[in-house]
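Visitor: Sharing a structure below in structure tokens format, with a few things to ask.
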Amino acid sequence: MRSTVIMILIISVPPSMVGEFPPPAPWSQGQGTKISEQDLGGPYVIETLDRNRAKKEGEIRDFIWTHWHQKRSGRLVATWYSKEGVPAETAYVLENDEKGVWSMKVTMQWPPERGSDPEHNRSEYRVYSVRRIEPRHDGQSPAVFIPDDKSTQGASYWLVFYSLQHKKTGGL
Amino acid sequence: MYISSEIFYSNGANATNAIFGSYAHELANILDEKDNLPGTTGGQGWGRTYGGPHDPQDKDTGAQVEECMYGSLQYP
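This is the structure we're talking about:
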């Protein structure tokens, strides 16, 4: 009877699991970069009328800038709710790309939208340069860059992301 | 047009900008939806024709208009 039970247990294991390694930890992302727990940011949730919006966004900017500037691997996840109440989850992963170049992968995910292709509900791009600028109060004024070595709080600057071709691809 | 009552009746320090910004934001989305079908710029949904696909806060056309007006999305 005992040997019958053991037999059943062995058979019930799916063949695909035999010899398989355990799944990677959630913070082990990208190009095999292992990220320590202190280099994990968030998850942040910023609601439409969040009273702590400035503080949370400042912390996110500080995390990204510090890790970028020090070339320290890290990962931060944040969810923003739009004015219409639609959530969008964004993951910032600071790591080397497949060629060993220091970069940041930004992945964004939205719920399905009216009229959009399912593929359009997710976007991913890679950043090769990050600059800090003074906050702007309109969309026309030129950006005033902050020197990389100047120490300043995350709530008092914005981040601009650039592609490998030095084109602006995003920001925060 | 729907604007949340928390914004419309707010009395925060930035309430005026938030109210006008939200009105312009939603008006821009309506005009975009009137003029453009979805999918014209690579599969985007309604009201996102001129939006920022990499904007983590909001990728619709209205967010871009509000950022043009004030530099960023406005909250009370």
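If you read the sequences in order, they're chains A and B.
For the first sequence, my numbering assigns the number 78 to the initial residue and increments by one for each residue that follows.
For the second sequence, my numbering assigns the number 638 to the initial residue and increments by one for each residue that follows.
Glycine included, each C-beta is placed from N, C-alpha and C at the ideal position.
1. What are the start and end residues of each continuous alpha helix (DSSP H) run of 4 or more residues lying completely inside the region 657-695 of chain B, in chain order?
2. Name the residues in the region 158-174 of chain A whose C-beta lies less than 7 Å from a C-beta of chain B; which are they?
3. If we define contact as Cβ-Cβ less than 8 Å, is G679/B a contact residue for chain A?
4. Mind pulling the chain B residues with CB within less than 9 Å of D194/A?
5. Taking the straight line between their C-alpha atoms, what separation do you get for V204/A and V170/A?
6. In three-state DSSP terms, what is R149/A?
7. Sort out for me which residues DSSP pairs G162/A with in a bridge.
8. Take the Cβ of D697/B as the centre, count every other Cβ of all protein chains shown within 10 Å, and call the residue buried at 16 or more, exposed below.
9. Since T246/A contacts F238/A with CB under 8 Å, what's their CB separation in whole angstroms?
10. Could you name the residues of chain B that Y234/A contacts, counting a contact when the two beta carbons are closer than 9 Å?
11. D225/A: which of H243/A, S206/A, A232/A, D215/A sits nearest, CA to CA?
12. In chain A, what lies closer than 8 Å to L710/B by C-beta?
13. Name, in chain order, the residues that DSSP records as bridge partners for G119/A.
Guide: With the given structure in hand:
1. none
2. S159, K160, A165, T167
3. Proximity of G679/B to chain A, defined by a Cβ-Cβ separation below 8 Å, is satisfied.
4. Going along chain B in sequence order, the residues near D194/A (Cβ under 9 Å) are P675, G676, G679, G680, Q681, G682.
5. Across the structure, V204/A and V170/A are spaced so that their CA atoms are roughly 10 Å apart.
6. coil
7. Answer by DSSP bridge pairing: none, since G162/A is not bridged.
8. buried
9. 5 Å
10. Chain B residues near Y234/A: none, gap ~12 Å exceeds 9 Å.
11. S206/A
12. K160
13. In the DSSP output, where bridge partners are listed per residue, G119/A has none listed.
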